[in-house]
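For reference, the structure discussed in these notes is given below.
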Amino acid sequence: MSSDSRQPRLPAPELLISGHSACQGCGASVAMRLALKALGEQTIVVLPACCWSIIAGAFPYTSLRVPVIHSAFEAAGAVASGVRAALDITGQKNVQVLGWSGDGGTFDIGLQSLSGAVERNENVLFVCYDNEGYMNTGIQRSSATPQYAWTTTTPEKYPKETPKKNMADIMAAHKIPYAATTSVAFPDDLIFKFKKAARIQGSRFIHILSPCPPGWRIPSDQSIKVTRMATQCNVFPIYEIEAGDNYYINIEPEGVPVRDYLKAQGRFSHLSAEAIEQIQRRVDFEWERLLHKAMMKRFGE
Amino acid sequence: MSERKVIMGNHAVSYGVKLARVQVISAYPITPQTQVVEMLSEMCADAVLAAKFLKVESEHSALAAVIGAATLGVRTFTATSAQGLALMHELVHWSAGSRLPLVMADVNRAMAPGWSIWPDQLDALSQRDTGWLQLYCESNQEILDLTLLAYRLAESLSMPVMVVYDAFVLSHTSEPVEIPDQSEVDAYLPALASRTKLDLKTPAAFGGLTSPEYYFEFRYMMQQAHDRALVLMDEIGAEFGRRFGRNYGALETIDCDDAELILVTAGASSSTTRVVVQERRRRGQNIGIVKLRLFRPFPVDAIRRVLRKARRVAVIDRNLSVGCGGIFAQEIRAALCDLSDRPEILGYVAGLGGRDITLALLNALIDDALERKAEEGYLVFWGLKEETLYVER
């Protein structure tokens, strides 16, 4: 699979329509558009509170050409499980259930019901479109916010001290059939993974890095470029985990220094050279660890 | 053919759910609800009941899961108690606002702390403003019957219904119960045909952002559904009577026509009250009982009709809204307050946290209610340890 094609051939169905209410340069709308292109019309979206609660449109409108069930913030894992059960008991096994949450609904408030659902290996595709903070409520820190990043609840004088959770590993620890990371900056990788996930039975998890121009303090026309750098410098590696054990790295890094990625964003503008160096060391260590996991022999071999 | 079995209240629910041919069940275990879901698990495992049972990781997820399933138009069930219902609270609102015809059993249990697994009505009453209909049961037969009736009500109104009964006094106590024949239940409760449900052919959004331009009317429509429920309860209850020989209305009135004093009860203590009142009647005292079955919607007109003739009303609340009083008493006062010929209303709070409501306690309560100055009867704590001597006098 080619990852550097400038104009990937996108599948035809256009299930996100114009007039939605995303901000300029929003990654979340790109992510949904591409995901639904891969999954097609036989999809039910379960949408807990997140930016997408707004993007989907206010009553009586909807910006999606597939059914949407809005749910309470922490409940996507359970609501999606109920939808799956109703489909199965009525013989509609071919319909995809797509749990579509932000990082708050995945890493934080939604983690319990998500963990419960994937531990039961519910036949649902769970997605986290991760913009690294509570952006819909005005940019507050979540547990997906990177270390030292500015948010309105982690002001520059009192930054977030802890590093970002590794959500893909948390999902893999449940030994689900498929977990993967991807990014709106790599649309062909994203579409490939959704198509692949659609063919797998059981719980699947896809973590999408999704830029937020106001939250990251970047110009809206730079959002894809900056997001691509996150992978090029190994801050956000793109990989798959099959059966919870077998790691495959999908995008080769390009040796871009973390400094370049951080300097491109206003949310990191207060970082000292020392802090940047510390982040670089952490990124290098995590990449090394990921390489080790990818080089381990496959479980059962 | 119907059959008669000696079963505990929790199993009466399970039989009701089976007879209702529920399709998706989701629950999380909590004492004293556990036998409900244990039996349903076995029924599903043995394929006696063709339902999917989601064994989720919390009560919040249990209600969320049936919300998801019901949105697709399948019949669902969940059951909980006390802390579990409190954890569900956000979704208790959500499911009513979504107009989903859910049925849930709540085993009345006291709220912690201190930890208590014993009966107290506060858990269910704390959900009174959510839009759920609430039915209170007196016996295991009533638990089974009202479970079936609840589905008829819920699906006729597109509103969720809670079937409420006392911890242990009913949940774990065995009584003879007439279990109706499946074909007769099928005739009473046909398969669910939702008017609005998720349909892949005509995609729509459910529960999304709603501006002030629309929200108000949605709430008004929920009230309209509750208004219809008052009429429907009696119709559906009477139809139940014709089919199964047991009639159910919003209220049950016992010897109220000539009653000087009417006791108002809900739940299992109604049975004990019946025994006490029968004995008083034999002694020539004109005492009646109003048993509240339907608490939401609150049957204001029916309550006015029956209570206005009495000189006195004594409400027995196995619950306390701290800082206010017994919740049933407050609702009854509100229902009667604009009647010029209203009776005097005494509010008794008794049996909190599972303290037994005994014959002796009720006998003393009746003596007190006949004699007490009305202005000293707004909130009476009945059966406190300090008053033990008085109760046993």
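Which chain is which? The protein sequence lines are A and B, in order.
Just so we're aligned, residue 1467 is where the first sequence starts under the numbering used here, counting upward by one.
Just so we're aligned, residue 197 is where the second sequence starts under the numbering used here, counting upward by one.
For glycine and all other residues, C-beta sits at the position ideal for the given N, C-alpha and C.
Between Ser1676/A and Tyr1614/A, the C-beta spacing is not below 8 Å. Per DSSP, reduced to three states, the secondary structure at Cys1492/A is coil, with no helix or strand assignment. Assignment of Ile1535/A by DSSP, reduced to helix, strand and coil, places it in the strand class.
The segment 199-211 of chain B and the segment 316-336 of chain B touch, with three or more beta-carbon pairs separated by less than 8 Å. Taken in chain order, the members of the segment 217-243 of chain B whose beta-carbon sits within less than 8 Å of a beta-carbon on chain A are Gln219, Val220 and Ser222.
Residue burial annotation: Gln420/B is exposed, with fewer than 16 other C-beta atoms found within 10 angstroms of its C-beta. Within chain B, no C-beta atom comes less than 7 Å from the C-beta of Pro1643/A; the nearest is roughly 19 Å away. At a Cβ-Cβ threshold of 8 Å, Pro539/B and Val576/B do not count as neighbours. Looking at the DSSP output, Met204/B bridges to Ser370/B. Sequence-ordered contacts of the segment 347-375 of chain B with chain A are nonexistent [C-beta pairs closer than 9 Å]. At least one beta carbon of chain A lies nearer than 8 Å to the beta carbon of Phe402/B. Think of a sphere of 9 Å around the beta carbon of Glu1480/A: no beta carbon from chain B falls inside it, the nearest being about 13 Å out. When the Cα atoms are used, Ser1581/A and Ala1544/A turn out to be separated by approximately 10 Å. The C-beta distance from Leu447/B to Ala506/B rounds to 14 Å, too long to meet the 8 Å contact threshold. Interface flag for Ala387/B against chain A is unset, since no Cβ pair is found closer than 8 Å. Residue state for Ser222/B is assigned as strand, using DSSP reduced to three classes. Chain B places no beta carbon closer than 8 Å to that of Glu1627/A, leaving this residue out of the contacts.
Using a Cβ-Cβ cut-off of 9 Å, Thr1603/A is close to nothing in chain B; its nearest Cβ partner there is about 14 Å away. Around the beta carbon of Gln1667/A, fewer than 16 other beta carbons sit within 10 angstroms, so the residue counts as exposed. Ile1575/A and His1536/A have their alpha carbons spaced roughly 16 Å apart.
Within the segment 391-415 of chain B, the residues whose Cβ lies closer than 8 Å to any Cβ of chain A are, in chain order, Leu394, Asp395, Leu396, Pro399, Ala400, Ala401, Phe402, Gly403, Gly404, Leu405, Thr406, Ser407 and Tyr410. The segment 1654-1693 of chain A contains, as complete alpha helix (DSSP H) runs of 4+ residues, the segments 1679-1682 (chain order). Three or more Cβ pairs closer than 8 Å define a contact, and the segment 365-373 of chain B falls short of that threshold against the segment 282-299 of chain B. Thr1572/A does not reach chain B, its nearest Cβ partner there being about 15 Å away, counting only Cβ pairs nearer than 9 Å. A Cβ-Cβ distance of about 10 Å is found for the pair Gly522/B and Tyr574/B, leaving them out of contact under the 8 Å criterion. Counting only runs of 3 or more residues that sit fully inside the segment 369-410 of chain B, the beta strand (DSSP E) segments are 370-375, in chain order. One finds Pro399 in chain B with Cβ atoms closer than 8 Å to the Cβ of Arg1531/A, taken in chain order.
Of the candidates Leu503/B, Val262/B and Ser354/B, the residue whose Cα lies closest to the Cα of Met417/B is Ser354/B. DSSP places Ala265/B inside the alpha helix (DSSP H), whose first and last residues are Glu255 to Thr267. No Cβ-Cβ contact shorter than 8 Å links Cys1492/A with Gly1571/A.
If the five residues before and after Ala1488/A are omitted, its C-beta is found closer than 7 Å to the C-beta atoms of Ala1494, Ser1495 and Ile1521, all from its own chain and listed in chain order.
When only Cα atoms are considered, Ala389/B and Pro315/B end up about 36 Å apart. The three-state secondary structure of Tyr1714/A, taken from DSSP, is strand. In terms of Cβ geometry, Ile313/B and Thr276/B do not form a close pair [threshold 8 Å]. Around the Cβ of Asp362/B, a 10 Å sphere holds 16 or more other Cβ atoms; the residue is buried. The Cβ atoms of Leu1482/A and Leu1513/A do not sit closer than 8 Å to each other.
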